[in-house]
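Q:
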Amino acid sequence: MKRTPRQFHCPEPWTTGPLSTPIPSIYVPKASPNQDLAKQFIQEQIFSKWFQQWSYNRYGKLPVITEFYEDLGWYVDEAAMMLKMAENGVYMPKYRGSEELLDIFLEHIHGVLLGLKSPAEGLAAIRKDIETRKVDLTRLDI
3 MKRTPRQFHC PEPWTTGPLS TPIPSIYVPK ASPNQDLAKQ FIQEQIFSKW
53 FQQWSYNRYG KLPVITEFYE DLGWYVDEAA MMLKMAENGV YMPKYRGSEE
103 LLDIFLEHIH GVLLGLKSPA EGLAAIRKDI ETRKVDLTRL DI
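Convert by adding 2 to the 1-based position in the sequence shown; the result is the number in my numbering.
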């Protein structure tokens, strides 16, 4: 199954995409004469403390800036727990074939989680599919 690129997998957020430039949930058309103004709006408004907290309190979207986790109105303990998990998380490298790689993981992980195959069998199947499908593992983040 071939998917279109997800906006959060783009390596250079201001320069990728066929017709538009993706930012998480926001697209700035490349043909727009006001790209700089749009970027400024995103930086000043969408990434503002007020908007980040409003978005969390209304829709459950976690703030993208650590300092904005203070003074959240809802699920404060849960937000703190998710922030701690993010701070303790590990960096996931970006590959040219990330979309196909994700598809392969999703195809095999459910069998492991449901106990239909062992973790070793799941990893072996993932490795085999990566080789069979010739997934491009060129790193984009180096």
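By construction, the Cβ of each residue, glycine as well, lies at the ideal position given by its N, Cα and C atoms. No experiment lies behind these values; they were computed from the predicted model shown.
Between Gly124 and Val114, how many whole angstroms is the CB-CB distance? I'm expecting something under 8 Å.
A: 4 Å
Q: Taking 8 Å as the cut-off, decide whether the C-beta atoms of Asp143 and Lys96 are in contact.
A: Contact flag set, yes.
Q: In this structure, how does DSSP classify Pro95 when only helix, strand and coil are distinguished?
A: It is coil, neither helix nor strand.
Q: Please state the DSSP three-state secondary structure of Tyr29.
A: strand
Q: Note down the Cα distance separating Tyr2 from Ile106, rounded to an integer number of angstroms.
A: There is simply no residue 2 to check, as the chain begins at 3 and stops at 144 in what is shown.
Q: By DSSP, does Arg135 sit in helix, in strand, or in coil?
A: coil
Q: Hey, Ala171 and Leu64: beta-carbon distance below 8 Å or not?
A: Shown here, the chain extends from 3 to 144; a query on residue 171 therefore has no answer.
Q: Just to check my reading of the structure: Glu101 and Arg135 have Cβ atoms closer than 8 Å, yes? What is that Cβ distance to the nearest angstrom?
A: Beta-carbon to beta-carbon, Glu101 and Arg135 are separated by about 12 Å, too far to satisfy the 8 Å threshold.
Q: Entirely within the segment 55-117 and at least 4 residues each: give me those alpha helix (DSSP H) ranges in chain order.
A: 78-89, 100-115
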